[in-house]
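In our numbering, the protein residues as written are 47 to 522.
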């Protein structure tokens with residue numbers, strides 16, 4: 047639609063330079079009839095006549111309002127109907143009420159102008175509307191260790207458990223919200239528990255031996271989902287003792303945890319495809335290569351990828367490597383009093399044990415320390431790391447007493463999985479011996495078959511019974 051300036055430009059040669067109107071209109075590509083209408087309006091009302099007024103019903107519908115409401119009501123039904131179905135119904139109603147029926151295109155335009163949020167709410171579950179149209183306030187942590195996020199995911203890879211079976215492990219990660227640095231992680235089998243979460247927190251809070259991994263300290267806030275492990279009394283008490291605020295996301299609404307989801311996506315697309323036993327998407331849970339890794343080997347692979355690759359490369363959102371961003375500013379993190387104090391809070395607490403004359407018995411192992419000598423017969427609490435059963439921590443009346451080691455495995459690191467594997471192997475050997483002994487016993491106790499006549503021997507028929515010699519009469 048030509049503007050006021052464009053219409054004046056068409057008329058200007060005729061008004062100011064005496065150019066014939068037909069010539070000026072032709073040069074501008076406007077019909078002579080249109081140019082004459084513009085000129086007549088200009089001479090009658092001035093430039094205001096060249097401003098085209100919009101239609102009174104512009105933005106509205108020439109369709110009767112009741113039919114517009116009918117079209118919208120039909121289109122918002124569930125399941126959503128086809129436009130042709132709506133058009134046929136509207137034509138029927140219009141005929142019944144003596145109204146002019148709208149065309150198919152008019153019905154399509156009415157439906158097309160419906161609010162997308164209204165359509166989503168009408169045709170789908172409230173979750174769809176919430177995820178696509180609800181306003182979301184995204185927060186960014188102001189500094190490192192301001193907010194940590196904790197989350198779990200089941201990995202798309204299979205490993206061999208202690209019995210040699212192929213199973214899918216889980217990964218728990220603690221992520222710093224500001225720097226995107228990984229503070230701690232743990233790889234485990236079975237469903238997520240408070241124990242695994244505590245182990246990941248223990249690694250996250252304490253100093254690492256690898257200089258490439260500087261992240262440590264107690265965060266101001268721990269943000270997690272509403273899983274049973276995060277809502278457990280143990281984790282809540284740990285956060286309270288460490289003066290760390292624990293915040294749970296709304297159940298079923300994992301907003302604000304997108305950073306953790308993106309990290310898991312990087313693990314899934316970058317690390318796992320390089321490992322044996324990887325399960326690609328759309329493969330119905332089947333690995334493309336046979337699993338050969340143990341849980342310990344997977345833990346080492348994940349740790350090396352996190353420390354050597356993820357922490358050192360530039361993050362696309364922050365523009366800095368996570369390790370570099372976390373250490374920027376030369377600040378000092380808030381640390382627990384000691385590793386023992388941290389262990390007292392986070393490590394697994396077993397059932398109370400009594401100190402025996404030969405030490406403390408736990409999981410079939412014997413733990414000994416000379417410090418235990420005055421405590422023979424006393425009840426103590428045992429705390430230990432399930433990933434390393436070579437030693438346990440002994441507490442007496444909630445005070446740290448000593449470390450006790452298992453002499454048989456003190457020179458090596460043995461985990462619960464290693465211990466369970468050894469137990470299963472021994473159980474398998476005993477079952478094999480038991481099966482062999484039972485088979486031998488059944489063979490010896492089986493009844494011996496009666497020997498038949500030798501082949502070719504004649505079978506002698508048994509003699510017929512002798513007939514009685516006493517005569518019997520009917521009268522008797």
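For every residue, glycine included, the Cβ atom is placed at its ideal position computed from N, Cα and C.
Item	Value
Take the Cβ of residue 182 as the centre, count every other Cβ of all protein chains shown within 10 Å, and call the residue buried at 16 or more, exposed below.	Its pLDDT being 49, under 50, residue 182 is placed unreliably in this model, and the value from its coordinates should be taken loosely. Counting Cβ neighbours within 10 Å, residue 182 comes out exposed, since fewer than 16 surround it.
Please give the ranges of any alpha helix (DSSP H) in the region 334-400, keeping only runs that are unbroken, at least 4 residues long and fully inside the region.	341-351, 368-373 and 385-392
Just to confirm my understanding: we take residue 160, look at its own chain, exclude 5 residues before and 5 after, and list those with CB closer than 8 Å. What are they?	118, 121 and 122
Give me, in chain order, the residues of the same chain whose beta-carbon lies closer than 6 Å to that of residue 266; leave out the 5 immediate sequence neighbours on both sides.	192
Using DSSP bridges, identify the partner residues of residue 414.	451
Out of 404, 73 and 262, which has the shortest C-alpha to C-alpha gap to residue 221?	262
What does the alpha-carbon distance come out to for the pair residue 449 and residue 174?	54 Å
Per DSSP, residue 434 forms a beta bridge with which residues?	431
Can you give the Cα-Cα distance for residue 64 and residue 49, rounded to whole angstroms?	23 Å
Out of 209, 269, 200 and 73, which one is the CA nearest neighbour of residue 186?	269
With a threshold of 16 other CB atoms inside 10 Å of the CB of residue 428, please say whether the residue is buried or exposed.	buried
Pair every Cβ in the region 333-347 with every Cβ in the region 201-219, then say whether three or more of these pairs are closer than 8 Å.	yes
Going by Cα to Cα distance, which pick from 436, 226 and 241 is closest to residue 530?	Lying before the first or after the last residue shown, residue 530 is absent from the chain, which here runs from 47 to 522.
Can you give me the C-alpha to C-alpha distance between residue 424 and residue 350, rounded to a whole angstrom?	43 Å
Given a cut-off of 8 Å, decide if residue 236 and residue 247 are closer than it, judged by their beta-carbon atoms.	no
State the start and end residues of the unbroken beta strand (DSSP E) segment that holds residue 197.	193-200
DSSP three-state label for residue 186, please.	coil
Under 8 Å Cβ to Cβ from residue 371, same chain only, skipping five residues before and after it: list those, please.	190, 224, 225, 226, 227, 361 and 364
Going straight from the alpha carbon of residue 292 to that of residue 110, what length do you get?	57 Å
Taking residue 216 as part of the beta strand (DSSP E), name the residues at either end of that continuous run.	216-222
Could you check what DSSP says for residue 445 in three-state terms: helix, strand or coil?	strand
To the nearest angstrom, how far is the alpha carbon of residue 340 from that of residue 200?	16 Å
So what does residue 231 bridge to, in DSSP terms?	219
Can you give me the C-alpha to C-alpha distance between residue 392 and residue 157, rounded to a whole angstrom?	58 Å
Determine the direct distance from the alpha carbon of residue 52 to that of residue 108, and round the result to whole angstroms.	30 Å
What's the call for residue 256, buried or exposed, on a 16-neighbour Cβ count within 10 Å?	exposed
By DSSP, does residue 458 sit in helix, in strand, or in coil?	Note that residue 458 scores a pLDDT of 49, beneath 50, so its modelled location is shaky and nothing firm can be said.
Just the Cα atoms here: how many angstroms apart are residue 113 and residue 162?	20 Å
In three-state DSSP terms, what is residue 531?	Outside the shown range of the chain, which is 47 to 522, sits residue 531, and nothing can be said about it.
Under 8 Å, do residue 136 and residue 153 count as touching if we go by C-beta distance?	yes
With C-beta atoms as the reference, is residue 447 less than 8 Å away from residue 441?	yes
With a threshold of 8 Å between beta carbons, is residue 480 in contact with chain C?	The question asks about chain C, but that chain is absent: this structure has only one protein chain.
Just grab the DSSP bridge partners of residue 212 for me.	206
Pick out whichever of 72, 96 and 385 has its Cα sitting closest to the Cα of residue 83.	96
I believe residue 74 touches residue 60 by the beta-carbon criterion, under 8 Å. Please report the beta-carbon distance rounded to the nearest angstrom.	No, residue 74 and residue 60 are not in contact; Cβ-Cβ is about 10 Å, not under 8 Å.
Rounding to the nearest angstrom, what Cα-Cα distance links residue 380 and residue 208 in this structure?	39 Å
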